[in-house]
Amino acid sequence: MFIVGKLYEGKAKEVYETEDPRKVILRFKDTATAFDGVKKAELRGKGELNCAITSALFQLLGERGIKTHFIKRVSPTEILVWKAKPFAVEVVVRNIATGSVVKRLGLEEGKRFKKPLVELFYKKDELHDPLVCEAHVELLGLAPIEHLPYMKGVALEVNEVLKVFFANRGLELVDFKLEFGKLS
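When we follow the numbering used here, the leftmost residue of the sequence shown carries the number -1, and every step to the right adds one.
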């Protein structure tokens, strides 16, 4: 698969157009950022490590019947994916209270939730990705409102798969973020 040109550069990845208009290459960068990109550092090998982890997790999800945009890993720092237009909403699944949810809700750090907490965030760095409700998603047109139940369902399914995967390696899944989009 040949790279035709750069489409986009984000904090952690670059997106490249290929000769197949339905597919793009994601190149993982060695850049580490914090505070919506305010703090930045170069970490040699980060891109390769992130690519390896991403590839392994997408392969796992595919084996469990969960559809993703992942096609295959094409180099130590690149994956080939189906081109998609991302929705401007992030779906966060939390199993344990930590970070922003502790501050926002006054929860005890480390509290285990009886069932996973699913939250939606507006993907907008300049607003610091604020928490939104379904009415906000609809009002702002962040994603088709009829897709939200599916997105939340997939997020919970991914949570179950990843909890087992990490538990089998002596790790505990605290929380994670998923992004969804529409295939081009």
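Think of the CB as a built atom: it goes at the ideal place given N, C-alpha and C, for glycine as much as any other residue. Source: prediction; values computed, not measured.
Cβ-based burial, residue i [other Cβ within 10 Å; buried from 16]
{"i": "Phe85", "result": "buried"}
{"i": "Arg25", "result": "buried"}
{"i": "Ala141", "result": "buried"}
{"i": "Ile51", "result": "exposed"}
Neighbourhood of residue i by C-beta, 6 angstroms cutoff - its chain only, sequence neighbours within 5 removed
{"i": "Lys70", "result": "Leu78"}
{"i": "Gly45", "result": "Phe26, Lys27, Asp28 and Thr75"}
{"i": "Lys109", "result": "Ala95"}
Contacting residues, own chain, Cβ-Cβ under 8 angstroms from residue i (five flanking each side not counted)
{"i": "Asp127", "result": "Asp34, Glu88, Phe119, Tyr120 and Lys121"}
{"i": "Ile64", "result": "Val152, Glu155, Val156 and Val159"}
{"i": "Glu7", "result": "Val13"}
{"i": "Phe111", "result": "Arg92, Asn93, Ile94 and Ala95"}
For residue j and residue i, the rounded distance between their alpha carbons
{"i": "Gly43", "j": "Lys81", "result": "26 angstroms"}
{"i": "Ala39", "j": "Leu47", "result": "16 angstroms"}
{"i": "Leu55", "j": "Phe174", "result": "12 angstroms"}
{"i": "Phe0", "j": "Gln57", "result": "23 angstroms"}
{"i": "Val2", "j": "Leu176", "result": "28 angstroms"}
Chain-order list of residues whose beta-carbon lies under 7 angstroms from that of residue i (same chain, five-residue window excluded)
{"i": "Val172", "result": "Asn93, Ile94 and Thr96"}
{"i": "Glu170", "result": "Phe164"}
{"i": "Glu107", "result": "Ala95, Thr96 and Val100"}
Whole-angstrom C-beta distance between residue j and residue i, which should lie under 8 angstroms
{"i": "Cys49", "j": "Thr75", "result": "5 angstroms"}
{"i": "Val90", "j": "Glu132", "result": "Not quite, the Cβ-Cβ distance comes to about 14 angstroms (not below 8 angstroms), so this is no contact."}
{"i": "Val162", "j": "Leu146", "result": "In fact, because the Cβ distance is near 25 angstroms, the residues do not count as touching under 8 angstroms."}
{"i": "Lys83", "j": "Ser182", "result": "6 angstroms"}
Three-state secondary structure (DSSP) of residue i
{"i": "Leu146", "result": "helix"}
{"i": "Val99", "result": "helix"}
{"i": "Leu137", "result": "helix"}
{"i": "Asp123", "result": "helix"}
{"i": "Ser73", "result": "strand"}
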